[in-house]
Amino acid sequence: MNNLFFRLLNNKQLQRQIRILYYLHKCDSISSTEKLVKELETTAPTLRADIDSLQQLLPKGMTIKYYKKIGYRLMVSTFKTIDSIVMEIAKDTIVYKLIDEIYRGRIHSFQTATEQFHLSHSVLRKTIRHINKELKFYRLTLSTKQLDLLGNEADIRYFLFEFYHGFRQTFTTNHSYQTINNTYEELQEATTQIATNYFRINLWMNILKQRLLNKQMIHLEPPLCKEIKARTSFIQFKSVFKKYFKSRFGITQVAEEEIVWSYLIRLHCVSYYPANKTLNLCYPEDIPTLEQYEPFLRPLQNSTTITNVDLLKLKGYLSNLRLLTKISSHFERITLELHTSVPMKVKKLFKEWQNYLKKYTHVLPFSVTHYQDIALTLSIIHYANLTSSSTQKKQTILFSFQGEPGLEDYLTRFVCQLLPQNVVPLFVSNKFISHKMVLETEVALVVCNYDFLDTTCPCPVLLLSYFPTKKEWLDLQQYIFKLAYPIND
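Residue numbers (full-length UniProt numbering): 1 to 489.
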């Protein structure tokens, strides 16, 4: 309920219905009418009407069962996560359709929108007014004249990334998916090896392709372009980018600023848990400069136990953030969804990092705008390593997570704590989990926090929420235990 789409939504009933789904999913038991009424701050008649209407929206394999005089329970037997089901419902709303049509360049006027969506002028204006309340936090406006997003192109692209990121893996189902997948693999193999998250890069490449097709170009500061163009790794990246990306998408001319932007945007996709020691957390030109973050982190080293691995990840994150904020300060941000999902132990560490950041931010080589967001990311990266345990990686259970900086590392370390001694994981985030990969690695189970599209997978697949609930962790642990210690009937 805390991702960007739901903040843009102005349908009060649908907002309540989504809250009902998440609440019942979290409970995983019969919830009384009284509890639901209190949770939603509504009335019993409104609750019944909302649930009756919601039943019509639910996909096959999911229903809300009513137990007379007891309460409601969510019954699920479908091969999808609760996040995915909610998003399928959301994609049928005017808000989603409006932004998606604008993004794809299919709608160009207010009048066209009213006709296409069968809306009155007043309803559409009301919807746009509500959207603009949220857009102001992105320094953007949705114009009612040409019906387009107005503002800095870098901010528009960030907004689109956060918007579609909330829909998890659904962007890989479009017609260009295989082309982008191939291009991603070629870029990874032919350029500087950086530990990146496949899903985030996939989304960014979709956004770049569409904005170029719409002739919406990026504009970067000349000093930034000059700094990046002088890099050896950029020259290598530029050569590969021109060879593969431009030819594959039929875009005959790409401005050099777009290539600089693409080079830098890889840093927004870094996974801070490189499974392979040959992968880096930043570009090679930035490795020698990591020591400039030593003055910022030195008080932390003096006050707490922190490993060299911790320091390397924290320095890598800060180094990447320095470059990304030269595109837009929005890259400091993380989603409200992540803010509200982290457990209490991380929240305690977050408060410490928040105070620490405000106290020592003056020694950072870049200015800070979103203190809370940076502090929480640092907390997640730090906490993930505080709770880590030494685990030998073997091809037994395949885990694939997508998420914001630090979240993958957190989920990975948490998983390691759940595993019995005779079960060890294989973590994959820089590749698409294909049928062929599952066969070749001979894994016994695949676990991921996004929709796994291959329904013919040769082994069982467990789907988790973006930020798994306590019940999901317990269910996963129980499943792994049964897998590790099978009991003959």
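Ideal Cβ positions, reconstructed from N, Cα and C, are used throughout, including at glycine.
**Message:** By DSSP's criteria, L398 is part of a beta bridge. Which residues make up the other side?
**Reply:** DSSP output for L398 lists L426, V446 as bridge partner(s).
**Message:** To the nearest angstrom, how far is the alpha carbon of I131 from that of D100?
**Reply:** 13 Å
**Asked** Per DSSP, N280 forms a beta bridge with which residues?
**Response** I194
**Message:** Check this for me: beta carbons of T191 and V240, under 9 Å apart or not?
**Reply:** yes
**Request:** Please name the residue, chosen from H370, E472, L323, L376, that lies closest to L349 on a Cα-to-Cα basis.
**Result:** For L349, the nearest C-alpha among the options comes from L376.
**Item:** Uninterrupted alpha helix (DSSP H) stretches inside the segment 218–244 (no shorter than 4 residues)
**Value:** 222–229, 232–241
**Local Cβ density within 10 Å of L150, reported as buried at 16 or more and exposed below that** = exposed
**Request:** Can you tell me which of S77, I94, G316, E337 puts its alpha carbon nearest to the alpha carbon of D28?
**Result:** S77
**Asked** Which two residues bound the contiguous beta strand (DSSP E) that contains Y72?
**Response** In the DSSP assignment, Y72 falls within the unbroken beta strand (DSSP E) covering 71–76.
**Asked** What distance in whole Å lies between the Cβ atoms of K80 and Y72, which are believed to be in contact at a cut-off of 8 Å?
**Response** With 8 Å as the limit, Y72 and K80 do not qualify as a contact, their Cβ atoms being about 20 Å apart.
**Item:** Host beta strand (DSSP E) of K65 (start-end)
**Value:** 62–67
**Item:** H165, buried or exposed, once every other Cβ within 10 Å from all chains shown has been counted against 16
**Value:** H165 should be labelled buried.
**Asked** Since L142 and S109 are thought to touch, with beta carbons under 8 Å apart, how far apart are those beta carbons, to the nearest angstrom?
**Response** About 13 Å separates the two Cβ atoms, so there is no contact after all.
**Request:** Measure the C-alpha to C-alpha separation of M62 and F452 and round it to an integer number of angstroms.
**Result:** Straight through space, the alpha carbons of F452 and M62 are spaced by roughly 18 Å.
**Request:** Within the same chain, show all residues whose beta-carbon is closer than 7 Å to that of R157, passing over the 5 residues directly before and after it, in chain order.
**Result:** I207, R211
**Cβ-Cβ distance between V428 and C459 below 9 Å** = Their beta carbons are not under 9 Å apart, which means V428 does not touch C459 by this criterion.
**Asked** So, residue 490 versus E88, is the Cβ gap smaller than 9 Å?
**Response** Beyond the ends of the chain as shown, which are 1 and 489, falls residue 490; an answer cannot be given.
**Asked** Can you name, in chain order, every residue of its own chain whose Cβ lies under 6 Å from the Cβ of K209, other than the five neighbours on each side?
**Response** Excluding positions up to five away in sequence, the list reads F249.
**Request:** Can you give me the start and stop residues for the beta strand (DSSP E) that V342 sits inside?
**Result:** Segment: none, V342 is in no beta strand (DSSP E) and carries neither H nor E.
**Request:** Assign S319 to one of two classes, buried (16 or more other C-beta atoms within 10 Å of its C-beta) or exposed (fewer than that).
**Result:** buried
**Item:** For V415, the first and last residue of its enclosing alpha helix (DSSP H)
**Value:** 407–418
**Prompt:** Quick check: the segment 408–415 against the segment 355–374, are there 3 or more CB pairs under 8 Å?
**Reply:** no
**Asked** Going by alpha carbons, who is nearest to I218 out of L224, M205, W261?
**Response** W261
**Item:** Euclidean distance between Cα positions of Y22 and S84
**Value:** 12 Å
**Item:** Coil, strand or helix - T81 by DSSP
**Value:** Residue state for T81 is assigned as coil, using DSSP reduced to three classes.
**Request:** For Q395, count neighbouring C-beta atoms within 10 Å of its own C-beta (all shown protein chains included) and say buried if the count is 16 or more, exposed if not.
**Result:** Confidence in Q395 is poor, its pLDDT being 49 and thus under 50, which makes the residue's placement unreliable; the coordinate value appears in the next sentence. Counting every other CB atom within 10 Å of its CB across the protein chains shown gives Q395 a total below 16, marking it as exposed.
**Request:** Please go through the same chain and pick out, in chain order, the residues whose beta-carbon is closer than 6 Å to the beta-carbon of L464, but skip the five residues on each side of it.
**Result:** Cβ neighbours of L464 beyond the five flanking positions: N449, E472.
**Asked** Does the separation of the CB atoms of L445 and L483 fall below 9 Å?
**Response** Cβ atoms of L445 and L483: closer than 9 Å.
**Request:** Report yes if the C-beta distance between Q13 and D50 is below 9 Å; otherwise report no.
**Result:** Their beta carbons are under 9 Å apart, which means Q13 touches D50 by this criterion.
**Message:** Looking only at its chain, what residues have a beta carbon closer than 7 Å to the beta carbon of L24, apart from the 5 residues adjacent to it on each side?
**Reply:** S31, I64, Y72, R73, L74
**Prompt:** Taking buried to mean at least 16 other C-beta atoms within 10 Å of its own C-beta, is residue 516 buried or exposed?
**Reply:** For the chain, the structure presents residues 1 to 489; residue 516 sits outside this window and is missing.
**Prompt:** Between the Cα of S233 and the Cα atoms of P222, R266, A255, Q253, which residue gives the shortest distance?
**Reply:** Among P222, R266, A255, Q253, the Cα nearest to that of S233 is on R266.
**Request:** Return helix, strand or coil for S328, following the three-state DSSP convention.
**Result:** coil
**Asked** CA-CA distance, E291 and F163?
**Response** In this structure, the alpha-carbon of E291 lies about 35 Å from that of F163.
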